[in-house]
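Residue 842 is where the sequence shown starts when you use the working numbering, and the numbers rise one by one after that.
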Amino acid sequence: MGKKTWRCSLVCLSLGLLSVIVGIVMIPLLRIYIQNMIAKEVTLEEGTFVYRAWKEPPFPIYFEFYFFDVMNPEEVSKMNKKIAVIQRGPYTYRLISIKDNVTFNANGTVSYREPDTYVFDRSRSVGPESDTFTTVNIILLTMFNTIRFEYEFIKVMTELLADSVDDNKLFIRLSVHDLLWGYNDTILHKVNEVLHELDIPFDDQFGFFYKLNNTDDGVWTVDSGKRGIASNFDIRFWNGISKLNYWSTNESNMINGTDGNLFHPFIKKTDHPPFFFSELCRSMTVDFQRESTVRGIDTYRFAHPRDIFDSPEHNPANAGFCTPRDSCLPSGLYNISVCRKGSPFSVSMPHFLYADENVIKGVDGMSPDVSLHETYMDVMQNIGCVLRTERKYQINILIRNNPSFEIVKSIPDVYFPVFWFNESTMITDDWTDFIKSSYQTPVNIASDIPYVSIAIGVLVTLISSISVYRQRRKSKVKIHENQDVSPSENTSLLTN
């Protein structure tokens, strides 16, 4: 019985040690296996999970618009009071975006177009698109800004043109639909009348999204991931170009990263993934902020760094976005006039979050709040899929003091917030179940197997070691007892 127990203990001890060794060896091997398995599914190839989600995004995408309504237009115009605004919104549109004309290229890239359709969602809005508010006269300010360095004669003619129309005021009332999708501007109409006589085509409508509904912004070419997952979904070309020509440095003109809806798999906390936002004419980065959870799925939260729109004085990397190079905006503002036909527009975080204090105080009604106005993305680390995102940006226009024009000659320079928007998306319940059952649960189980093997091995080794130790101790005790028995005692017993 003792020998059997001894052998059993030795066998268990060996198996325990083997289990520990197997578990340790399995850790890197399983990691490689999981990576290879996921790499196949995140390749842009017909039939893969990511391709289906990429071609026709399964998560609803919403654009929420918040407009700033001027409360004291007469006091500003006649008494030079500071502009006071109140936020109106949200006015929400559902974005339907399905990739079209998808072409798989021989070099491992994929080309496509992506028409965008915006559908107003009244149930998610505070009112109808016909709601009106008071805002600045964007066409008038753009015209003043465009000719500020021209001859005095041209300035006089411009003011005469402005005086000849009814809407020659600094502030006008527009509806939500007008400002976004276009309205007939009286100044542009006057210009159109003149140019029409010269057979020069001219559009007398203006809107921030004018002619952008049911259209695409060109041909995109992205990396499919077949040449390596590190470059998955990276943009190679946009309308045939790999970099822009708006900015003064090569770095600023680069089209870097993805479109912000997908990132390469196995993203790390130390990564600073870039994405290209064509509407803002530049690439931007996000930094790891914290671990997060979206509907029970573990994610990494990435957010814009505080200095994303800082002046070169605080963030030298932004020097290339100054146009011209010696004309930089205050911190927190990014000049997009160069890619918006000279209109004096700038971009910031909502309510001038992280902007220079003087910019924030330039208009009454600003209440920057990180929890409300920060851009962030919750990314599933293994797959690189963005499960929840809120991209928030504000469009501003510069009201520039100009003594040549009566309307603005007494007003100090101020950056007026026209509106801000939140492009948001959230994974749906059915896709949550799919990702959990197909990826998160199997990956978690597979990842735990080596550690379970190690734990069982350690436990078996420990128990077996104790058993072996006890068996050896019992053997030593028996040997010692046998050595202590004297010959006389044995003889006496035999005699009797």
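For every residue, glycine included, the Cβ atom is placed at its ideal position computed from N, Cα and C.
The structure presented is a predicted model; accordingly, all values stated were derived computationally and were not measured.
Element boundaries [alpha helix (DSSP H), containing residue i]
{"i": "D1058", "result": "Counting along the chain, D1058 falls outside any alpha helix (DSSP H), and DSSP gives it neither H nor E."}
{"i": "E1092", "result": "1091 to 1094"}
{"i": "E915", "result": "914 to 920"}
{"i": "E1198", "result": "1198 to 1202"}
{"i": "V1255", "result": "Note, V1255: premise wrong, no alpha helix (DSSP H); beta strand (DSSP E) at 1255 to 1267."}
{"i": "R893", "result": "890 to 896"}
{"i": "T1273", "result": "1270 to 1276"}
Residue i (DSSP reduced to helix, strand or coil)
{"i": "K1067", "result": "coil"}
{"i": "E1215", "result": "coil"}
{"i": "F1104", "result": "coil"}
{"i": "S860", "result": "helix"}
{"i": "C826", "result": "Nothing can be reported for residue 826, as the shown portion of the chain is limited to 842 through 1337."}
{"i": "F1150", "result": "coil"}
{"i": "V1179", "result": "helix"}
{"i": "S1168", "result": "coil"}
{"i": "F990", "result": "Because the pLDDT of F990 is 47, which lies under 50, any placement of that residue in the model is unreliable, and the question is left without a value."}
{"i": "T1111", "result": "coil"}
{"i": "N1285", "result": "helix"}
{"i": "Y1087", "result": "coil"}
{"i": "C849", "result": "helix"}
{"i": "R872", "result": "helix"}
{"i": "S1306", "result": "helix"}
{"i": "I924", "result": "coil"}
{"i": "N877", "result": "helix"}
{"i": "Y907", "result": "strand"}
Residue i: CB within 7 Å of a non-hydrogen atom of the ligand ATP
{"i": "D1075", "result": "You won't find the ligand ATP in this model; it holds no ligand whatsoever."}
8 Å contact criterion, which residue i and residue j should meet: CB distance rounded
{"i": "V1211", "j": "N1237", "result": "Their Cβ separation, rounded to whole angstroms, is 19 Å, which puts V1211 and N1237 out of contact at 8 Å."}
{"i": "M861", "j": "T1302", "result": "Residue identity check: residue 861 is Val in the sequence provided, not Met. Correct: roughly 7 Å between the Cβ atoms."}
{"i": "G930", "j": "F906", "result": "6 Å"}
{"i": "F974", "j": "Y934", "result": "About 17 Å separates the two Cβ atoms, so there is no contact after all."}
{"i": "N913", "j": "K922", "result": "6 Å"}
{"i": "V1227", "j": "N1102", "result": "6 Å"}
{"i": "T1230", "j": "T1273", "result": "T1230 to T1273, Cβ: 15 Å. No contact."}
{"i": "S938", "j": "E955", "result": "6 Å"}
{"i": "P1171", "j": "N1199", "result": "7 Å"}
{"i": "F900", "j": "T1269", "result": "6 Å"}
N-terminal and C-terminal residue of the beta strand (DSSP E) that residue i is part of
{"i": "V883", "result": "First-last for V883: undefined, no H or E at that position."}
{"i": "W1079", "result": "1076 to 1079"}
{"i": "V967", "result": "No beta strand (DSSP E) contains V967, which DSSP labels as neither H nor E."}
{"i": "V1249", "result": "It is not in any beta strand (DSSP E) - V1249 carries neither H nor E in the DSSP assignment."}
{"i": "F1012", "result": "1012 to 1016"}
{"i": "T973", "result": "973 to 977"}
{"i": "T950", "result": "950 to 954"}
{"i": "N1223", "result": "Premise fails: N1223 is in no beta strand (DSSP E) and is neither H nor E."}
{"i": "D941", "result": "941 to 945"}
For residue i, the residue or residues it bridges with in DSSP
{"i": "A1144", "result": "D1128, Y1217"}
{"i": "L936", "result": "I902, Y959"}
{"i": "L1239", "result": "Y1256"}
{"i": "F1117", "result": "S1124"}
{"i": "S1187", "result": "N1176, N1237"}
{"i": "D1205", "result": "A925"}
{"i": "F1047", "result": "Y1024"}
{"i": "D1139", "result": "T1134"}
Nonlocal neighbours in the same chain, by C-beta distance under 8 Å from residue i, ignoring five residues either side
{"i": "Q1046", "result": "G1023, Y1024, N1025, D1026, L1029"}
{"i": "E1092", "result": "A1158, G1161"}
{"i": "I1278", "result": "The identity of residue 1278 in the sequence shown is Ser, whereas the question assumes Ile. Taken in chain order, the list of residues that qualify is empty."}
{"i": "G1048", "result": "D1019, L1020, L1021, W1022, G1023, Y1024"}
{"i": "V943", "result": "K896, V951, S952, Y953"}
Own chain partners of residue i with C-beta closer than 6 Å, once the 5 adjacent residues on each side are dropped
{"i": "S1208", "result": "H1192"}
{"i": "L858", "result": "T1302"}
{"i": "C849", "result": "none"}
{"i": "Q1130", "result": "R1142, A1144"}
{"i": "Y1195", "result": "R1147, G1173"}
{"i": "F1222", "result": "Here the sequence assigns Gln to residue 1222, which means Phe is not the residue at that position. I1108, Y1141."}
{"i": "H1018", "result": "E970"}
{"i": "S1358", "result": "For residue 1358 there is no data in the structure shown, the boundaries of the chain being 842 and 1337."}
{"i": "A1261", "result": "Ala is not the amino acid found at residue 1261; the sequence shown has Trp there. Once the five neighbours on either side are set aside, the close Cβ partners of W1261 are Y907, P1191, Q1235."}
{"i": "R1232", "result": "T1216, E1264"}
Sequence-distant residues of the same chain with beta carbon closer than 7 Å to residue i, five excluded per side
{"i": "D1148", "result": "H1155, N1156"}
{"i": "N1080", "result": "G1059, V1060"}
{"i": "C1122", "result": "L1085, Y1087, I1177, C1180"}
{"i": "F1257", "result": "I924, V977, V1204, N1237, I1238, I1240"}
{"i": "N1073", "result": "V883, D1064, G1066, H1105, P1106, G1225"}
{"i": "S1083", "result": "R1077, I1096"}
{"i": "V802", "result": "In the structure as shown, the chain starts at 842 and stops at 1337, and residue 802 therefore has no counterpart that could be examined."}
{"i": "R963", "result": "P969"}
{"i": "S966", "result": "P931, Y932, T933"}
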